[in-house]
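Colleague:
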């Protein structure tokens, strides 16, 4: 059963994207984001499902080097 995880930016605390994994990602897993950047997971958080739900929230924390915002 695939795992749908939210990829979180550990620098800002904001979500980057959603990603589907074939199995639960390990904290040392490396993968490529949609912008083409290779990142390594630093932490994987597994939450509790909402009452009456079966889906468990999974957050994978990464520290990307590139930033989308530009300083003026």
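In my numbering, the protein residues as written are 131 to 202. Beta carbons are placed, not taken as given, at the ideal position from N, Cα and C, and that holds for glycine.
1. Given a threshold of 16 other Cβ atoms within 10 Å of its Cβ, counted over all protein chains shown, does residue 192 qualify as buried or as exposed?
2. Can you round the beta-carbon distance between residue 169 and residue 153 to whole angstroms, since I take them to be within the 8 Å contact cut?
3. So, with DSSP's three-state summary, where would you put residue 145?
4. So what's residue 163 in DSSP terms, helix, strand or just coil?
5. Whose C-beta lies closer than 6 Å to the C-beta of residue 164 among residues of the same chain, with five residues either side of it excluded?
6. According to DSSP, residue 152 sits in a beta bridge with which residue or residues?
7. Does the beta-carbon of residue 138 have 16 or more other beta-carbons within 10 angstroms, so that it is buried, or is it exposed?
Modeller: The short version:
1. So residue 192 counts as buried.
2. 18 Å between Cβ atoms; not a contact.
3. The answer is strand: DSSP assigns residue 145 an E or B state.
4. Here residue 163 sits in coil by DSSP.
5. Cβ neighbours of residue 164 beyond the five flanking positions: 147.
6. Paired residues: none, contrary to the question.
7. Residue 138 is buried by the Cβ-count criterion.
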